[in-house]
Amino acid sequence: MFLFDNWYVAALSSEVSGGAPLARMICGKPVVLFRTPDNRVAALEDRCMHRGMPLSAGKLCAEGRALQCPYHGLEFDASGACINAPGQATIPRAMRVLTYPVHEQADLVWLWPGDPALADPADIPALGHGDDPQWQMFGEAYFEFKAPWGMILDNLMDLSHIAYVHVAAINGDPEAHYNARMGVSTDEDAKCVHVKRALPNCNPPPQYTAGYAFKGRIDRWQEFEGSASGVNAWSGGTDAGTGAFEGSREGGVQLRHFTGLTPATEGSCHYFFHGVRNFALGDEQVAAKLKAGLVATLREDQHILEAQYARLLETGSRPLVSLAADVGGLQMRRLINRLLDAEAARRPAAQAIPVASANIDAMLALGLAKQ
Amino acid sequence: MFLFDNWYVAALSSEVSGGAPLARMICGKPVVLFRTPDNRVAALEDRCMHRGMPLSAGKLCAEGRALQCPYHGLEFDASGACINAPGQATIPRAMRVLTYPVHEQADLVWLWPGDPALADPADIPALGHGDDPQWQMFGEAYFEFKAPWGMILDNLMDLSHIAYVHVAAINGDPEAHYNARMGVSTDEDAKCVHVKRALPNCNPPPQYTAGYAFKGRIDRWQEFEGSASGVNAWSGGTDAGTGAFEGSREGGVQLRHFTGLTPATEGSCHYFFHGVRNFALGDEQVAAKLKAGLVATLREDQHILEAQYARLLETGSRPLVSLAADVGGLQMRRLINRLLDAEAARRPAAQAIPVASANIDAMLALGLAKQ
Amino acid sequence: MFLFDNWYVAALSSEVSGGAPLARMICGKPVVLFRTPDNRVAALEDRCMHRGMPLSAGKLCAEGRALQCPYHGLEFDASGACINAPGQATIPRAMRVLTYPVHEQADLVWLWPGDPALADPADIPALGHGDDPQWQMFGEAYFEFKAPWGMILDNLMDLSHIAYVHVAAINGDPEAHYNARMGVSTDEDAKCVHVKRALPNCNPPPQYTAGYAFKGRIDRWQEFEGSASGVNAWSGGTDAGTGAFEGSREGGVQLRHFTGLTPATEGSCHYFFHGVRNFALGDEQVAAKLKAGLVATLREDQHILEAQYARLLETGSRPLVSLAADVGGLQMRRLINRLLDAEAARRPAAQAIPVASANIDAMLALGLAKQ
Chain A
14 MFLFDNWYVA ALSSEVSGGA PLARMICGKP VVLFRTPDNR VAALEDRCMH
64 RGMPLSAGKL CAEGRALQCP YHGLEFDASG ACINAPGQAT IPRAMRVLTY
114 PVHEQADLVW LWPGDPALAD PADIPALGHG DDPQWQMFGE AYFEFKAPWG
164 MILDNLMDLS HIAYVHVAAI NGDPEAHYNA RMGVSTDEDA KCVHVKRALP
214 NCNPPPQYTA GYAFKGRIDR WQEFEGSASG VNAWSGGTDA GTGAFEGSRE
264 GGVQLRHFTG LTPATEGSCH YFFHGVRNFA LGDEQVAAKL KAGLVATLRE
314 DQHILEAQYA RLLETGSRPL VSLAADVGGL QMRRLINRLL DAEAARRPAA
364 QAIPVASANI DAMLALGLAK Q
Chain B
14 MFLFDNWYVA ALSSEVSGGA PLARMICGKP VVLFRTPDNR VAALEDRCMH
64 RGMPLSAGKL CAEGRALQCP YHGLEFDASG ACINAPGQAT IPRAMRVLTY
114 PVHEQADLVW LWPGDPALAD PADIPALGHG DDPQWQMFGE AYFEFKAPWG
164 MILDNLMDLS HIAYVHVAAI NGDPEAHYNA RMGVSTDEDA KCVHVKRALP
214 NCNPPPQYTA GYAFKGRIDR WQEFEGSASG VNAWSGGTDA GTGAFEGSRE
264 GGVQLRHFTG LTPATEGSCH YFFHGVRNFA LGDEQVAAKL KAGLVATLRE
314 DQHILEAQYA RLLETGSRPL VSLAADVGGL QMRRLINRLL DAEAARRPAA
364 QAIPVASANI DAMLALGLAK Q
Chain C
14 MFLFDNWYVA ALSSEVSGGA PLARMICGKP VVLFRTPDNR VAALEDRCMH
64 RGMPLSAGKL CAEGRALQCP YHGLEFDASG ACINAPGQAT IPRAMRVLTY
114 PVHEQADLVW LWPGDPALAD PADIPALGHG DDPQWQMFGE AYFEFKAPWG
164 MILDNLMDLS HIAYVHVAAI NGDPEAHYNA RMGVSTDEDA KCVHVKRALP
214 NCNPPPQYTA GYAFKGRIDR WQEFEGSASG VNAWSGGTDA GTGAFEGSRE
264 GGVQLRHFTG LTPATEGSCH YFFHGVRNFA LGDEQVAAKL KAGLVATLRE
314 DQHILEAQYA RLLETGSRPL VSLAADVGGL QMRRLINRLL DAEAARRPAA
364 QAIPVASANI DAMLALGLAK Q
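In structure tokens:
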């Protein structure tokens, strides 16, 4: 079951350049992205209306304003219109491909796969650091996980897994993760779920000491703001005892990252990472270390999630049981269910529900009623 | 949906020799071919009636008159009869495998997967050059395309793709392909569709200059005769201005080739190529160049068709729109539909219709009513 | 269709050691095995009750008494109980995984995937050599065949395939296998089918001469006792003319082996081999030769069975015809059908019948009524 009426990250801005089209499956729909001469990103259905060939296998044409199908040479511009059908003067009116609303913001290309009339760029989640130049990017990355969107949201809303899955870059102190204090809340307008974790007086992880010298133990925090588009996170630590949780959180190590989660198919999901720091500014060696640590961390998640998904597919009829730490994931699931219900109310017959992921969604939601 | 009552190429003659059986899936039916001592080709169901083992994994026995199952040693002769069941004197009457009518002609082994009572070798399409010794083979080839039969027929009936797909050996002049004059007709007895293309005053392609010296530009033609068995093609060129289209077409470069198209499964197709030339006779270097150019050309088609098929499978609910150049493909589809209807009328319950390819067939046929 | 109320080999004892858990799919159920400090083998559902993660991807904990989930650290002991849910003091009562009855005997770990109340270790088939120290192990092996359980039972109950499939280690005399005298019977309590083959005055196979010097030709026998758990076999040979069949069978070469057959999924099966000899005692070189010969032999079977299964899946609607040599396989199938019927009578709605293997089972059983 896909939530179509939503902004998703379709690509890192750096992926859409160099004059080549980019193919990406989004919510089960094949999309091709390309950048036009006015520096805008166009998003077309990646399927020529003539014979179904993927347009992403073709090349830019018409001075970069259109894509040429590699089979019979038909050309489609950013509006989806066919502007050239080789060998005939009149182009059939039906010869056009679908387009999708896109909006580029903060180094990310956002796409709305649902009803275009509802697409408002103002609804795109702002990244936590805004335009503040005191935050510098340390890395961005793209992965495709062979696990469904809902399972990855579930993963990011329950950080208790850090103690077990992430043994290297971001752990630092398993005991502290085990004993972290957690607070969970959903926004009044039901657009975000907030999961906050406090890890007082703990050992800093390698990710924090790569570019900063603490005196010793630190007070550490993680604030994750989840939405249907992904997760906006703010994490960091300051020397222990300086009041990091309640105070201004100045100094120390602070990281803000956004994780864009975009359903590819029922059983696979795009995972976009974009992270900034407020320390070691200008130090590219530190940035590289942070990025390497982050990529290793996400590979640890990928390994877990793909094994979990395969097992859930094999054992669909067996139940699951939730724990206290799942409250963030369960609130997120309630939020998603409300959005899906609203979309279904707007377009009752818009889609079939893929059985496998709907079943897994239902299993992960067990215990919802009890919260 | 397979058309069973039809002659298909099952193999190049050169593939059925050397004493080893050849396995080939034809219209969803596993077939094993072997050559008997009287130099005939036998075609059996490739499945031992005893326990289902592929006979093609076994070996020839009984002085080459039979195939021995590699599991329990049962032997089946060219009539499908079991002539030896090791360990028992009496062979059950039901212990026999299906056979298929085969006919070898012009270096090709033809097979009829449908009702044997209807199989008449006189219906096998004659190759264009007949027995004329002035035509010499330059190459034969076998491929398996992961795309359905109907899509490959569609490809060969619309040659406007040459301008875009075939950039090397057979192109020569994209502009000329773009502007080619085309004529399409279906035979009165509805057995063949003829697509004729004229490319006057164009640059010759590498395939033509490999073994012939033109004065400069040429008048070029392509005449494709499609049937349910494949495509008989006649293409060539003479020095521009000598009246190649209306005249005798003597001299210059002339190629005749036959493309046998045989459904393997619903989503894959055997592609047999057999080509002759009337120039550079006896020159094996020229023949080798022509064959290399042809193989590269067919790989270009394969690349396109497999990507197209995968995309059509993913987007089955979206329509397609035809162009003027599709008229040959659409007439061919009408011809095939008539043959399928006739077969269904003879054997109403003979087969289920595989959903995926029927759907793609329907999409490719869009616009049929409007022609 | 799985027979759940049955003892199956889950692992060689040697596979469950070293402190690492072992994952194994049994009758479609994911199982994880591990050895506890009291040297017992525990068998748990290989799926954390919290979020479905395979526990086999985790590690032993609680001094080896429990398994720790690699995702959120939950710990499950041999009883299936969760003994630690990190981050919370109270563990939900539903947070436990299934367990399976296990029993270790004669270097094999046995598991009962069905109703635990019916699991009686006394029903585990005794290995032919009992505890007799005059029999020494020459090898054990584990394979996974991509072919269903029923087809492998069928293979082992009809040894006439030795003449064709097994050309090397265990053949020795194709003619003798071709002419072997066979006797088949089913036990009164319908727990075993016995297939006995006599090969008088034949050439010994390499497997027999690897560690024993015969005078020349031998009298050879094979006695296979098949049950739903696998096959207990006794084979051997003595110098020809000494009355091996009716007499004491002393001296010569004697091998006893047990083949454990355990359904993994509908279309795959675990194949466990455990073999002992009563000759060349203490000679490890001979043992290694025997094991190598056996492994090569089983690979020959695997090759055949996987090709047979693939073909049967493709041609499910075509019948099969049985021969006289199939009487052992057919009696075995009757035995299995009785056990399946009895299980279905005890638990009418316990399981769905997978279509593909049920169809193949039905085809292999053709001719049952005629026996």
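Chains as they are written, first to last, in this note's numbering: chain A, 14 to 384; chain B, 14 to 384; chain C, 14 to 384. C-beta atoms are modelled at their ideal positions from N, C-alpha and C, and glycine is treated no differently.
> Do you know offhand how far leucine 318 of chain A's Cα is from tryptophan 125 of chain C's?
Replying inline: Your numbering for residue 318 of chain A matches position 305 in the first sequence. Your numbering for residue 125 of chain C matches position 112 in the third sequence. Distance between the alpha carbons of leucine 318 of chain A and tryptophan 125 of chain C is about 30 Å.
>> Measuring straight from C-alpha to C-alpha, what distance separates tryptophan 123 of chain A and leucine 16 of chain A?
In response: The residue labelled residue 123 of chain A in the question sits at position 110 within the first sequence. The residue labelled residue 16 of chain A in the question sits at position 3 within the first sequence. Distance between the alpha carbons of tryptophan 123 of chain A and leucine 16 of chain A is about 15 Å.
> What does arginine 331 of chain A reach in chain C if we use C-beta pairs closer than 7 Å?
Replying inline: Translated into the one-based positions of the first sequence, residue 331 of chain A becomes position 318. Arg60, listed in chain order.
> Listed in chain order, which residues of the stretch 72-105 of chain C have Cβ atoms closer than 7 Å to some Cβ of chain A?
Replying inline: Contact annotation: in the stretch 72-105 of chain C, residues whose CB is within less than 7 Å of a CB in chain A are Pro83, Tyr84, His85, Gly86, Ala98, Pro99, Gly100, Gln101, Pro105.
>> Taking beta-carbon pairs under 7 Å, can you tell me which members of the stretch 317-329 of chain C lie near chain B?
In response: Those residues of the stretch 317-329 of chain C placed with their C-beta closer than 7 Å to a C-beta in chain B are Ile317, Ala320, Gln321, Arg324, Leu325, Glu327, Thr328, ordered along the chain.
> If you follow the beta strand (DSSP E) that glutamine 267 of chain C is part of, which residue opens it and which one closes it?
Replying inline: One-based indexing of the third sequence puts residue 267 of chain C at position 254. Where glutamine 267 of chain C is concerned, the enclosing beta strand (DSSP E) stretches over 266-278.
> Just the Cα atoms here: how many angstroms apart are glycine 273 of chain A and aspartate 51 of chain C?
Replying inline: As a working note, residue 273 of chain A is residue 260 in the first sequence. As a working note, residue 51 of chain C is residue 38 in the third sequence. A direct Cα-to-Cα measurement between glycine 273 of chain A and aspartate 51 of chain C gives close to 49 Å.
> Where DSSP assigns a beta bridge to arginine 48 of chain B, which residues make up the other side?
Replying inline: For the purposes of this step, residue 48 of chain B is taken as residue 35 along the second sequence, with counting starting at 1. B:Val54.
> Can you list, in chain order, the stretches of the beta strand (DSSP E) that have 3 or more residues and sit fully within the stretch 109-143 of chain C?
Replying inline: Taking 3 residues as the minimum length, the beta strand (DSSP E) runs contained wholly in the stretch 109-143 of chain C are 115-118, 121-124, in order along the chain.
>> Short of 7 Å in beta carbon distance, which residues of its chain neighbour leucine 25 of chain C, apart from the five on each side in sequence? Order them along the chain.
In response: Mapped onto the third sequence, residue 25 of chain C falls at position 12. Cβ neighbours of leucine 25 of chain C beyond the five flanking positions: Asp120, Leu121, Glu153, Tyr155, Phe285.
>> So that I know if they touch, is there some Cβ in chain A lying closer than 8 Å to that of proline 276 of chain C?
In response: Taking the third sequence and counting its residues from 1, one reaches residue 276 of chain C at position 263. At a cut-off of 8 Å between beta-carbon atoms, proline 276 of chain C makes no contact with chain A.
> Taking only beta-carbon atoms, is glutamate 343 of chain A less than 8 Å away from chain C?
Replying inline: If you number the first sequence from 1, residue 343 of chain A lands on position 330. The amino acid occupying residue 343 of chain A in the given sequence is leucine; glutamate does not appear at that position. Taking Cβ atoms only, chain C never reaches closer than 8 Å to leucine 343 of chain A, which makes this a no.
> Is any beta-carbon of chain C found at less than 8 Å from that of proline 46 of chain A?
Replying inline: Against the first sequence, residue 46 of chain A aligns to sequence position 33. It is leucine, not proline, that sits at residue 46 of chain A in the sequence shown. No - not a single Cβ of chain C is within 8 Å of the one on leucine 46 of chain A.
> Taking just the CA atoms, how far does tyrosine 225 of chain B sit from threonine 426 of chain B?
Replying inline: Outside the displayed span of chain B (14 to 384) sits residue 426 of chain B, for which this structure offers no information.
>> Out of B:Arg64, B:Gly93, B:Gly86, B:His63, which one is the CA nearest neighbour of valine 45 of chain B?
In response: As a first step, residue 45 of chain B must be located in the second sequence, where it is residue number 32. With distances taken between Cα atoms, valine 45 of chain B lies closest to B:Gly93.
> Candidates A:Ala203, A:Val197, A:Met150, A:Gly249: which alpha carbon is nearest aspartate 296 of chain A's?
Replying inline: Indexing the first sequence from 1 puts residue 296 of chain A at position 283. Proximity to aspartate 296 of chain A across A:Ala203, A:Val197, A:Met150, A:Gly249 peaks at A:Met150, based on C-alpha coordinates.
> So which residues on chain B does methionine 66 of chain A lean against when the C-beta distance must stay under 8 Å?
Replying inline: Numbered from its first residue, the first sequence carries residue 66 of chain A at position 53. In chain order: Ile317, Ala320, Gln321, Arg324.
> Residues in the stretch 151-183 of chain B with C-beta within 8 Å of chain A's C-beta atoms, listed in sequence order?
Replying inline: Within the stretch 151-183 of chain B, the qualifying residues are Asp167, Asp171, Ser173, His174, Ala176, Tyr177, Val178.
>> Do phenylalanine 258 of chain C and cysteine 189 of chain C count as a contact pair if the criterion is CB distance below 8 Å?
In response: Numbered from 1 along the third sequence, position 176 holds the residue referred to as residue 189 of chain C. Numbered from 1 along the third sequence, position 245 holds the residue referred to as residue 258 of chain C. What sits at residue 189 of chain C in the sequence shown is alanine, not cysteine. In terms of Cβ geometry, alanine 189 of chain C and phenylalanine 258 of chain C do not form a close pair [threshold 8 Å].
> In chain C, what lies closer than 7 Å to alanine 293 of chain A by C-beta?
Replying inline: On the first sequence, residue 293 of chain A is found 280 positions in, with the first residue counted as 1. In chain order: nothing, as chain C lies at least about 32 Å away.
> DSSP puts glycine 288 of chain C in a beta bridge; with which residues?
Replying inline: Numbered from its first residue, the third sequence carries residue 288 of chain C at position 275. Looking at the DSSP assignment, glycine 288 of chain C forms a beta bridge with C:Gly152, C:His270.
> Taking the continuous alpha helix (DSSP H) assigned at threonine 199 of chain A, which residues delimit it?
Replying inline: Within the first sequence, the letter at position 186 stands for residue 199 of chain A. That residue, threonine 199 of chain A, is in no alpha helix (DSSP H); its beta strand (DSSP E) goes 194-199.
> Between the stretch 184-208 of chain B and chain A, which residues of the former have CB atoms less than 7 Å from a CB of the latter, in chain order?
Replying inline: Here the close residues are Tyr191.
> So with Cβ pairs under 8 Å, would you call methionine 108 of chain B a contact of chain C?
Replying inline: Walking along the second sequence from the start, residue 108 of chain B turns up at place 95. Yes, methionine 108 of chain B lies at the interface with chain C (some Cβ there is under 8 Å from its Cβ).
> Excluding sequence positions up to five away, which residues of its chain have a Cβ less than 8 Å from the Cβ of arginine 60 of chain A?
Replying inline: As a position in the first sequence, residue 60 of chain A is number 47, starting the count at 1. Result list for arginine 60 of chain A: Pro43, Met66, Pro67, Leu68, Val110, in chain order.
>> By alpha-carbon positions, which one of A:Val29, A:Leu343, A:Pro218 ends up nearest to threonine 310 of chain A?
In response: For this step, residue 310 of chain A is matched to residue 297 along the first sequence. In this structure, A:Pro218 is the residue among A:Val29, A:Leu343, A:Pro218 with its C-alpha nearest to the C-alpha of threonine 310 of chain A.
>> Cutting at 8 Å between CB atoms, please list the residues of its own chain near leucine 303 of chain C, excluding the five before and the five after it.
In response: Taking the first residue of the third sequence as position 1, residue 303 of chain C is located at position 290. Scanning its chain for C-beta atoms nearer than 8 Å, with the 5 sequence neighbours on each side dropped, one finds around leucine 303 of chain C the residues Phe151, Gly152, Gln220, Ala223, Gly224, Leu268, Gly288, Arg290, in chain order.
> Between methionine 164 of chain C and glycine 239 of chain C, which are expected to be in contact by the criterion C-beta below 8 Å, what is the C-beta distance as a whole number of angstroms?
Replying inline: Reading the third sequence from its first residue, position 151 is the one you call residue 164 of chain C. Reading the third sequence from its first residue, position 226 is the one you call residue 239 of chain C. Not quite, the Cβ-Cβ distance comes to about 13 Å (not below 8 Å), so this is no contact.
> Given that a residue counts as buried once 16 or more other Cβ atoms are within 10 Å of its Cβ, and exposed if not, what is proline 99 of chain B?
Replying inline: On the second sequence, position 86 is the one that residue 99 of chain B refers to. Per the 10 Å Cβ criterion, buried.
> Just the Cα atoms here: how many angstroms apart are isoleucine 104 of chain A and methionine 345 of chain B?
Replying inline: Taking the first residue of the first sequence as position 1, residue 104 of chain A is located at position 91. Taking the first residue of the second sequence as position 1, residue 345 of chain B is located at position 332. Those two C-alpha atoms are separated by around 23 Å.
>> Buried or exposed, going by whether 16 or more other CB atoms sit within 10 Å of the CB of tyrosine 21 of chain A?
In response: Locating residue 21 of chain A in the first sequence gives position 8, where the first residue counts as 1. With 16 or more neighbouring CB atoms inside 10 Å of its own CB, tyrosine 21 of chain A falls in the buried class.
> In terms of residues, what are the limits of the alpha helix (DSSP H) holding aspartate 232 of chain B?
Replying inline: On the second sequence, residue 232 of chain B is found 219 positions in, with the first residue counted as 1. Where aspartate 232 of chain B is concerned, there is no enclosing alpha helix (DSSP H), although the beta strand (DSSP E) it sits in stretches over 231-240.
>> Taking the beta strand (DSSP E) that proline 213 of chain C belongs to, which residues open and close that run?
In response: What you label residue 213 of chain C is simply residue 200 of the third sequence in a count that begins at 1. Per DSSP, proline 213 of chain C is one residue of the beta strand (DSSP E) stretching across 206-215.
> So which of A:Arg262, A:Ser198, A:Leu80 has the shortest CA-CA distance to phenylalanine 292 of chain A?
Replying inline: The count along the first sequence starts at 1 and reaches residue 292 of chain A at position 279. Answer by Cα proximity: A:Arg262.
> Can you tell me whether DSSP reads lysine 302 of chain C as helix, strand or coil?
Replying inline: Residue mapping note: residue 302 of chain C aligns to position 289 of the third sequence, counting from 1. For lysine 302 of chain C, the three-state secondary structure derived from DSSP is helix.
> What residues from chain C crowd round histidine 283 of chain B, counting only those whose CB sits closer than 8 Å?
Replying inline: Counting from one through the second sequence, the residue named residue 283 of chain B turns up at place 270. Within chain C, no residue comes near histidine 283 of chain B; the closest Cβ sits about 16 Å away, beyond 8 Å.
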